[in-house]
Amino acid sequence: MKLPVYAHPTMTVLVDDSDTFLHSLVFQLDPMQASVCFHDPLQALEWFKANAQSSELPLQVDFDNPNQSAEQRNVAVDLEQIYRISGQRQRFSIPSVLVVDYSMPQMNGVAFCQAIQHLPCKKILFTGQADEKIAVDAFNRGLIDRYIKKSADDALDRLEEEVAALQKAFFQEQSETLLDMLVLHEFSFLRCGALAKVVQQLYQEHGFVEHYPFPSPSGILFFKADGSAQLMVVETERGYESQVEMARDSGAPQSLVEALEEKRMLPFFPPDGMYSDEVGQHWHRYCKAPQVCKGLETYYWALFEVEPALLDIQPTPYAEFLRQHTPPLAA
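Converting from the sequence shown to this note's numbering requires adding 117 to each position, the first position being numbered 1.
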């Protein structure tokens with residue numbers, strides 16, 4: 118199991134010239150899944166042009182040293198820019214999965230997929246019995262990711278499963294470059310399959326709908342549909358050593374130093390996770406007993422409530438977007 122660097126709700130686009138079938142598709146999808154429907158593939162193409170995601174990555178290149186070659190310059194990931202995506206309402210309108218019928222009068226489904234081949238969204242083609250060879254050819258050419266026969270008894274059930282799977286694949290591919298860079302620093306846990314399972318469980322148990330890497334302390338920032346946030350602080354053996362050193366240097370109470378040495382407590386001292394004089398004897402308020410995840414290495418983690426002021430952003434809640442989202446039938 119892989120964990121994408123970040124993920125949030127996105128838009129599923131449904132294109133079919135049949136009203137009846139479009140409504141069946143919308144009914145089948147999870148009500149928490151935003152969707153937009155089109156009769157007309159040409160209008161759908163215009164919508165894609167307006168809502169497609171930019172491929173720009175939150176990277177910073179160090180140009181301060183003129184003696185370094187382009188290959189030697191340091192490239193850093195702007196982590197704050199990643200979690201600030203949560204303040205952008207338009208993130209929910211990014212098309213991650215297209216579901217398109219093959220047989221349409223103005224443009225067939227394969228031609229439609231070819232027209233948006235340059236976009237990163239995943240593509241599912243609905244076909245009739247006679248169109249299966251065409252679908253296989255389109256799959257082999259990389260124009261579509263899945264195809265489903267309309268006549269199959271489980272067509273709509275399979276659609277729901279495939280949409281969910283392809284949405285995950287969408288974010289995994291989008292964040293692969295970021296992941297390669299983040300694991301070189303304090304975010305090796307993002308490539309750990311065992312921790313990915315823990316994150317999946319937290320999604321299910323707490324009703325989270327999106328997550329982002331958090332820079333300091335290192336961890337994963339979750340949001341629920343109502344916009345409330347929780348931070349999964351993730352620490353390693355080396356991280357605990359840094360916590361102990363900082364606590365000692367700052368004159369922390371001996372009880373805290375011992376708790377950190379024995380890994381009985383995991384702190385989230387605002388604003389950056391490290392102990393400071395302001396914490397004083399009230400350190401218990403900012404600590405929780407860690408849970409342990411044994412994966413690529415031993416990770417210690419705990420979940421903390423996050424005050425909006427700490428993030429310095431105003432998250433746009435997904436529930437608010439769904440309430441304001443236009444009716445599914447767009448054209």
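Built from N, CA and C at the ideal position, the CB exists for glycine as well.
Burial state of residue i, where buried means 16 or more other Cβ atoms lie within 10 Å
{"i": "Met-149", "result": "exposed"}
{"i": "Lys-239", "result": "buried"}
{"i": "Leu-301", "result": "exposed"}
{"i": "Arg-402", "result": "exposed"}
{"i": "His-399", "result": "exposed"}
{"i": "Pro-158", "result": "buried"}
{"i": "Pro-332", "result": "buried"}
{"i": "Gln-234", "result": "exposed"}
{"i": "Val-153", "result": "buried"}
{"i": "Met-382", "result": "buried"}
{"i": "Glu-303", "result": "buried"}
{"i": "Arg-258", "result": "exposed"}
{"i": "Gln-441", "result": "exposed"}
{"i": "Asp-274", "result": "exposed"}
{"i": "Ala-252", "result": "buried"}
{"i": "Pro-126", "result": "buried"}
{"i": "Val-192", "result": "Per-residue confidence for Val-192 stands at a pLDDT of 43, beneath the threshold of 50, marking its modelled position as unreliable; the derived number appears in the next sentence. Classification for Val-192: exposed."}
{"i": "Glu-352", "result": "buried"}
{"i": "Met-118", "result": "exposed"}
{"i": "Gln-284", "result": "buried"}
{"i": "Arg-355", "result": "exposed"}
{"i": "Val-409", "result": "exposed"}
{"i": "Asp-394", "result": "exposed"}
{"i": "Asp-133", "result": "buried"}
{"i": "Gly-390", "result": "buried"}
{"i": "Glu-406", "result": "Looking at the sequence shown, residue 406 is not Glu but Ala. Per the 10 Å Cβ criterion, exposed."}
{"i": "Pro-222", "result": "exposed"}
{"i": "Asp-181", "result": "Legend: pLDDT at Asp-181 = 43, less than 50; position of this residue unreliable, value from coordinates given subsequently. Answer is exposed; the Cβ neighbour count stays below 16."}
Extent of the continuous beta strand (DSSP E) to which residue i belongs
{"i": "Lys-267", "result": "No beta strand (DSSP E) contains Lys-267, which DSSP labels as neither H nor E."}
{"i": "Tyr-200", "result": "Careful: Tyr-200 lies outside any beta strand (DSSP E), inside the alpha helix (DSSP H) at 196-200."}
{"i": "Ala-169", "result": "Looking at the DSSP string, Ala-169 is not in any beta strand (DSSP E), and its letter there is neither H nor E."}
{"i": "Ala-346", "result": "346-352"}
Run of the alpha helix (DSSP H) containing residue i, from where it starts to where it stops
{"i": "Ile-241", "result": "No alpha helix (DSSP H) holds Ile-241; the beta strand (DSSP E) holding it covers 239-244."}
{"i": "Thr-127", "result": "Looking at the DSSP string, Thr-127 is not in any alpha helix (DSSP H), and its letter there is neither H nor E."}
{"i": "Tyr-469", "result": "It is not possible to answer for residue 469, since the shown part of the chain is limited to 118 through 448."}
{"i": "Gln-136", "result": "One point to set straight first is that residue 136 is Asp, not Gln, in the sequence displayed. Note, Asp-136: alpha helix (DSSP H), 136-145."}
{"i": "Val-396", "result": "Note, Val-396: premise wrong, no alpha helix (DSSP H); not H, not E."}
{"i": "Asp-297", "result": "293-299"}
{"i": "Gly-226", "result": "226-232"}
{"i": "Arg-206", "result": "Arg-206 -> no alpha helix (DSSP H), and no H or E assigned at all."}
{"i": "Phe-438", "result": "435-441"}
{"i": "Ile-251", "result": "249-257"}
{"i": "Cys-371", "result": "Note that residue 371 is Gln in the sequence shown, not Cys. Its alpha helix (DSSP H) spans residues 371-378."}
DSSP bridge partner residues for residue i (one or two, in chain order)
{"i": "Asn-415", "result": "A quick correction: the sequence has Thr, not Asn, at residue 415. Answer is Lys-411, bridged to Thr-415."}
{"i": "His-328", "result": "Ala-124, Phe-339"}
{"i": "Pro-387", "result": "None, per the DSSP bridge assignment."}
{"i": "Pro-212", "result": "Met-128"}
{"i": "Phe-421", "result": "Leu-348"}
{"i": "Asp-274", "result": "BP columns for Asp-274 are empty, so no partner."}
{"i": "Val-217", "result": "Val-132, Leu-242"}
{"i": "Lys-405", "result": "Leu-383"}
_Touching by the beta-carbon criterion (3+ pairs, under 8 Å), the segment 290-302 and the segment 255-268_ = no
*Give a yes or no on contact between the segment 130-147 and the segment 297-310, applying the rule of three or more CB pairs nearer than 8 Å.*
Contact between the segment 130-147 and the segment 297-310 is absent, because fewer than three Cβ pairs lie under 8 Å.
*Tell me, please, whether the segment 338-345 touches the segment 355-370 by the rule of three or more beta-carbon pairs shorter than 8 Å.*
With a cut-off of 8 Å, the segment 355-370 and the segment 338-345 do not count as touching, because too few Cβ pairs lie within range.
_Segment contact flag, the segment 423-430 with the segment 311-321, C-beta cutoff 8 Å, min 3 pairs_ = no
*Below 8 Å, can you find three or more Cβ-Cβ pairs linking the segment 216-236 to the segment 194-207?*
Touching, no, given that fewer than three Cβ pairs across the two stretches are closer than 8 Å.
*With a cut-off of 8 Å, do at least 3 Cβ pairs link the segment 323-330 to the segment 355-365?*
no
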